[in-house]
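Remarks on the structure that follows.
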Amino acid sequence: MTQVQARGRSLVRQAYPWLNDRVADFVRGWRRLDAWANRPLPTRRRAYWKLLAPDRYPWYAPALFLVLTVMLALGPTMETDWPNLILLVIGLVLFLGLNALAERRQVANNYLLTGQLTCLVAMLALLLWSSLPEVYGEMVAAPRLHVGVAVVLAMTVALAAAFGFAAALFRSTADGGLADALPEVELFLPKDRYSFVGGGAKAAFFSALAIAPVRYPVELLLPGSLLTLFVPDHLLAPTFLFVGGIMWILLFLGILFERLMEILKTLGRMFFIGPQRVISILVIAVAGARLAEIHFITYLFNGGSTGYGNPVLMLYILLSYACAWYYGFWTDQFVARRLMRMLTLKPDWRTAISVAYPYHGDPTLSRVESEGRTISLHGAGRLKLRGHYEDGYAGGGTALQFMTPAELIGQFRRQIELRSRDMIKADDLLASLRNFERAAVIYPVIVGTLAFGLIVGPIVLTFYYAVQPPELTVHAEGGGGRDALAFMKNQDYENGDCSPLKAGMPRIAIAASGGGTRAAIYTASLLRGLAEAGHVCDVVMASGVSGGSAALAYFGLHEAELRSRGGVGFMAWERYSREMAHPYIEDVINRASDLRITFGRFHWRRFTCGEPAVPDGSVSGLAPARSKLGHILAESFACRMGAGKMGDVSFGLMLNSSIVGSYPDPGNPCRRGDGYSLPEQASRCQGLLDGAGAGGRLVLTNIGSTQTMQANTSPGMEIVTIDEPDVSVSRAAALSANFPPVFPDAAVDIMPSSGTAKRYWVTDGGTVENRGTVTMYRALRDAARREPKSCGCGNSPRFAPLHVIVADVSALAGPYSESFGFDSVLGAGGQLGLGMEAELRADLKTLYETTHCSKIYFHDIVIPPVFSSNGGIGTHWLLPGSMTFRDPNHSGEQVTLHAEDVEKLVLSLHSSRAFSYQDNGGVKRVLGWAQDGPGNRHRANWVRLLDMLNGKLPPQL
0 MTQVQARGRS LVRQAYPWLN DRVADFVRGW RRLDAWANRP LPTRRRAYWK
50 LLAPDRYPWY APALFLVLTV MLALGPTMET DWPNLILLVI GLVLFLGLNA
100 LAERRQVANN YLLTGQLTCL VAMLALLLWS SLPEVYGEMV AAPRLHVGVA
150 VVLAMTVALA AAFGFAAALF RSTADGGLAD ALPEVELFLP KDRYSFVGGG
200 AKAAFFSALA IAPVRYPVEL LLPGSLLTLF VPDHLLAPTF LFVGGIMWIL
250 LFLGILFERL MEILKTLGRM FFIGPQRVIS ILVIAVAGAR LAEIHFITYL
300 FNGGSTGYGN PVLMLYILLS YACAWYYGFW TDQFVARRLM RMLTLKPDWR
350 TAISVAYPYH GDPTLSRVES EGRTISLHGA GRLKLRGHYE DGYAGGGTAL
400 QFMTPAELIG QFRRQIELRS RDMIKADDLL ASLRNFERAA VIYPVIVGTL
450 AFGLIVGPIV LTFYYAVQPP ELTVHAEGGG GRDALAFMKN QDYENGDCSP
500 LKAGMPRIAI AASGGGTRAA IYTASLLRGL AEAGHVCDVV MASGVSGGSA
550 ALAYFGLHEA ELRSRGGVGF MAWERYSREM AHPYIEDVIN RASDLRITFG
600 RFHWRRFTCG EPAVPDGSVS GLAPARSKLG HILAESFACR MGAGKMGDVS
650 FGLMLNSSIV GSYPDPGNPC RRGDGYSLPE QASRCQGLLD GAGAGGRLVL
700 TNIGSTQTMQ ANTSPGMEIV TIDEPDVSVS RAAALSANFP PVFPDAAVDI
750 MPSSGTAKRY WVTDGGTVEN RGTVTMYRAL RDAARREPKS CGCGNSPRFA
800 PLHVIVADVS ALAGPYSESF GFDSVLGAGG QLGLGMEAEL RADLKTLYET
850 THCSKIYFHD IVIPPVFSSN GGIGTHWLLP GSMTFRDPNH SGEQVTLHAE
900 DVEKLVLSLH SSRAFSYQDN GGVKRVLGWA QDGPGNRHRA NWVRLLDMLN
950 GKLPPQL
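Numbering that gives the first Met the number 0 numbers the first residue of the sequence shown as 0 and each following residue consecutively.
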């Protein structure tokens with residue numbers, strides 16, 4: 000060994016004792032803080048403090064009860080409507096009244112949990128009695144039912160059951176043996192347990208460093224994960240790595256020094272045991288998804304209408320922990336209090352919170368004096384051992400030690416085993432202690448499983464077996480849609496509030512692709528550009544998918560102000576853009592805690608925000624009706640866009656959804672469904688649900704359907720067209736925007752005046768074909784085929800010139816990488832759709848030019864790649880507070896812009912107006928990338944389209 004190595008080892012051996020002493024001093028201070036913060040509140044306090052927190056319990060027992068009271072009254076989203084405030088006042092009166100009663104009556108104090116649950120159940124009953132079927136946007140003079148109702152009910156049942164389990168598992172068979180044997184048992188841990196064995200200092204150092212993440216993965220990851228949910232994008236990785244590094248160091252030191260691990264375990268009781276651990280694992284999973292830059296997760300936590308951050312999601316996490324803490328506190332108290340009764344020589348009906356612990360055994364086992372010891376209830380189910388150190392001990396003063404019931408029982412059992420020959424009835428006592436040790440392992444599993452079973456079980460069961468209310472009910476009366484041929488013919492055409500289109504004037508058909516918020520604001524930008532150029536009144540037909548459907552729906556519902564004869568109304572167009580940028584997913588998150596969404600109800604509201612009033616829906620069986628998240632999206636669309644109907648829209652409108660299943664099979668009726676409504680039949684007769692039509696199209700439109708647009712009876716793509724004038728435009732758009740996997744399949748009920756009712760389940764229209772072109776091309780082709788051939792010598796064009804504009808925001812494909820075939824599976828639908836689109840374009844070109852001597856032009860106005868690839872604008876119905884754009888030329892440059900600048904930047908793509916920006920330099924760089932990106936033809940195609948509409952260029956394809 001070299002001299003340098005020897006000196007290094009000497010320094011290491013000297014460092015450990017020094018560090019051990021520092022840790023010891025720190026832990027002694029921590030124990031004093033722990034003893035003060037978690038102690039049962041003393042009796043000598045002022046009356047107003049006792050009104051807020053009763054004696055004999057730590058301060059957070061009433062605090063958590065108060066949190067549950069507020070949650071039950073205001074809901075998880077803290078709504079402050081006056082019905083909620085009235086319920087809150089009632090809850091606060093019950094809270095204060097219970098604490099006052101606990102001060103005056105010892106029975107009420109000893110059974111505080113019973114009183115708290117009684118207050119919560121009373122509020123729950125009042126809430127159930129006064130509530131109405133909840134719906135987004137509808138102001139009613141009643142509080143809404145929310146998931147807190149089910150949580151409180153489940154918690155009440157679970158706590159009652161946990162009390163019974165604790166009584167059954169922790170029942171002594173030794174006839175007071177624990178209390179009798181207590182003076183003979185040394186519960187303070189041995190005096191040399193913290194001494195570091197320094198023979199292999201280097202090995203211990205590196206092994207502790209490696210063991211920390213393996214032994215404590217949740218503890219290592221959770222603090223950084225919690226912060227990762229709330230910090231801006233550019234701080235995600237640094238925050239996670241910095242906090243994770245600190246936790247690694249702390250856990251490493253905790254492995255080396257048992258004293259320090261005592262602190263970490265005490266804090267960890269809030270997050271790493273019982274139900275809290277499951278919540279913590281879910282938080283880590285969500286944080287991992289955000290670190291992996293999964294767009295949807297990042298957008299949810301990256302802001303919306305309130306600026307940066309999502310306070311509702313943060314509140315959901317906090318309340319989840321609060322419920323778990325409340326449940327965990329009382330389930331731990333059940334065991335700790337039963338153990339305290341077994342350690343009391345003469346227990347009475349009132350559980351003692353402190354017992355004397357005079358020690359008569361071997362005084363050399365610890366440095367704590369034998370006299371003056373006590374054992375007390377402490378915190379959330381722990382026990383505090385208190386005594387005094389011997390004179391001359393380095394720590395000096397008060398000796399404090401905290402143990403869980405399991406730890407105390409284990410120490411008790413080990414001491415009895417060592418002295419079993421000297422003690423009477425040692426065998427009976429050991430048998431009881433071993434049973435208690437087994438019970439201490441089983442009990443947390445039982446109470447945790449019980450809680451999750453009562454909450455998660457009904458959620459899962461109702462998800463699959465509850466009745467699903469329809470998101471749209473169509474009363475089919477035989478159609479009545481507009482004739483597509485009228486849009487196409489070369490004759491004068493009345494076009495809503497616009498001036499009539501004269502013969503020979505060009506007509507415009509728009510296909511708006513899917514893509515959530517990105518598609519919505521881009522389509523609105525394109526329509527605004529047409530309005531500024533004087534051609535928005537040339538639009539006679541439109542087909543949309545997802546975000547494109549939302550933009551077209553708003554355009555159709557507000558065409559009186561967007562297509563007025565008085566010119567461009569810029570205020571109306573500003574409102575249009577703002578609505579398309581609205582964070583609709585936040586509306587969904589805010590109401591996702593409704594009881595109708597999480598567990599289900601037996602009644603549901605079928606209208607909102609100006610929609611025609613209809614009777615509430617209900618179930619007649621025992622299964623509840625559980626609404627899906629798509630109901631909230633549909634209601635939000637109806638409230639923010641309007642309650643107009645398909646028959647009110649003057650131009651041809653097609654909103655496309657994708658079929659995933661249907662019911663019933665008319666040839667195989669379900670007898671279990673006899674006498675029940677269609678939603679209940681679909682729930683009761685699941686064996687007859689048909690998935691053969693998955694991948695087909697359901698089109699909600701005001702254009703009359705033709706043969707190839709009807710449901711097919713021969714093999715081929717199923718296209719179901721619903722052209723009823725009373726269909727809600729907003730709800731039809733929501734069905735088209737019901738994107739998976741966030742939104743479950745939505746139900747559409749077709750109720751004909753005669754014949755068999757039928758239910759379809761649909762999802763986002765972009766899952767089949769994302770450009771919105773196929774159904775529109777088929778409608779145009781079918782209409783053109785119905786017109787007799789008119790092309791011949793000297794014949795004038797039968798159809799007016801038609802310009803088909805495809806507003807496409809689809810993201811470009813990235814570079815190839817190994818995917819084990821999944822990229823081909825996921826991309827096949829898009830490729831087949833493009834192939835079908837190309838064939839339909841060729842058919843239309845032939846019909847227009849060869850058969851009817853007319854002209855049709857196709858314009859692909861594709862969003863510049865900088866907005867759709869490598870970050871850019873997301874597709875998840877949320878425009879976050881800031882977005883990062885990267886140079887598509889792969890220079891590595893990137894620019895982060897505020898949401899308001901991004902919205903204006905998209906508008907500027909098709910507008911001649913000058914906009915003011917917060918970051919002019921950043922906007923200029925992104926706009927440069929948008930215009931000069933590789934393969935980008937957006938600006939050239941847009942200018943060419945306007946020139947052709949204005950007659951400045953020869954009409955060439």
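Even glycine gets a Cβ: it sits at the ideal position worked out from N, Cα and C.
What does the Cβ neighbour count give for residue i, buried or exposed, with the cut at 16 atoms within 10 Å?
i	result
Val942	exposed
Ala633	buried
Ser542	buried
Arg192	At Arg192 the pLDDT is 48, less than 50, meaning the model places this residue with poor confidence; the figure from the coordinates comes in the next sentence. Its Cβ having fewer than 16 others within 10 Å, Arg192 is exposed.
Arg517	buried
Ile245	exposed
Glu476	exposed
His534	buried
Trp81	exposed
His474	exposed
Trp348	exposed
Return the bridge partner residues of residue i from the DSSP annotation.
i	result
Val354	Ile374
Lys844	DSSP lists no partner for Lys844.
Ser657	Arg696 and Thr762
Can you find the residues in the same chain that come closer than 8 angstroms, C-beta to C-beta, to residue i, ignoring five residues on each side of it along the sequence?
i	result
Val22	Leu252, Phe256, Arg258 and Leu259
Thr155	Leu116, Leu119 and Val120
Tyr56	Pro39, Leu40 and Leu111
Leu986	Nothing can be reported for residue 986: it is not among the residues displayed for the chain, which extend from 0 to 956.
Smallest Cα separation from residue i: which of the options?
i	options	result
Leu220	Gly243, Ile718, Met269 and Cys536	Gly243
Leu1035	Lys757, Val761, His581 and Ile454	Because residue 1035 is not part of the residues shown, which for the chain are 0 to 956, the question remains open.
Leu551	Val354, Ala736, Pro231 and Arg381	Ala736
Leu484	Ile702, Leu84 and Arg337	Ile702
Glu610	Ala642, Asn589 and Ile631	Ala642
Pro41	Pro182, Glu137, His377 and Val148	His377
Ile860	Val803, Arg777, Arg780 and Phe598	Val803
Asp886	Leu843, Asp931, Leu208 and Thr850	Asp931
Lys744	Leu235, Glu470 and Leu131	Looking at the sequence shown, residue 744 is not Lys but Asp. Nearest C-alpha to Asp744: Glu470.
Leu50	Leu100, Asp33 and Val88	Leu100
Leu342	Phe411, Gly371 and Ala782	Phe411
Tyr583	Trp876, Leu281, Val184 and Pro800	Trp876
So, helix, strand or coil for residue i, using DSSP?
i	result
Asp80	coil
Ser816	coil
Val455	helix
His630	helix
Thr155	helix
Lys788	coil
Ser867	helix
Arg192	At Arg192 the pLDDT is 48, less than 50, meaning the model places this residue with poor confidence; the figure from the coordinates comes in the next sentence. Correct three-state label for Arg192: coil.
Ile721	strand
Met750	strand
Val539	strand
Asp807	strand
Please work out which residues of its chain come closer than 6 angstroms, Cβ to Cβ, to residue i, disregarding the five sequence neighbours upstream and downstream, and give them in chain order.
i	result
Thr895	Ser881 and Thr883
Lys627	Pro743
Ile588	Val311
Asn935	Pro863
Val539	Phe486, Arg506 and Phe650
Ignore the nearest five residues each way along the sequence and tell me which others in residue i's own chain have a CB closer than 7 angstroms to its CB.
i	result
Asp482	Gly703
Ile316	Val282
Looking at the ligand GTP, does it come within less than 7 angstroms of residue i, judged from the CB to the closest heavy atom?
i	result
Arg770	Ligands in the displayed structure: none, and consequently the ligand GTP is not present.
Hey, does residue i have any beta-carbon neighbour from chain B nearer than 8 angstroms?
i	result
Arg21	Note that chain B does not occur in the displayed structure, where there is just one protein chain.
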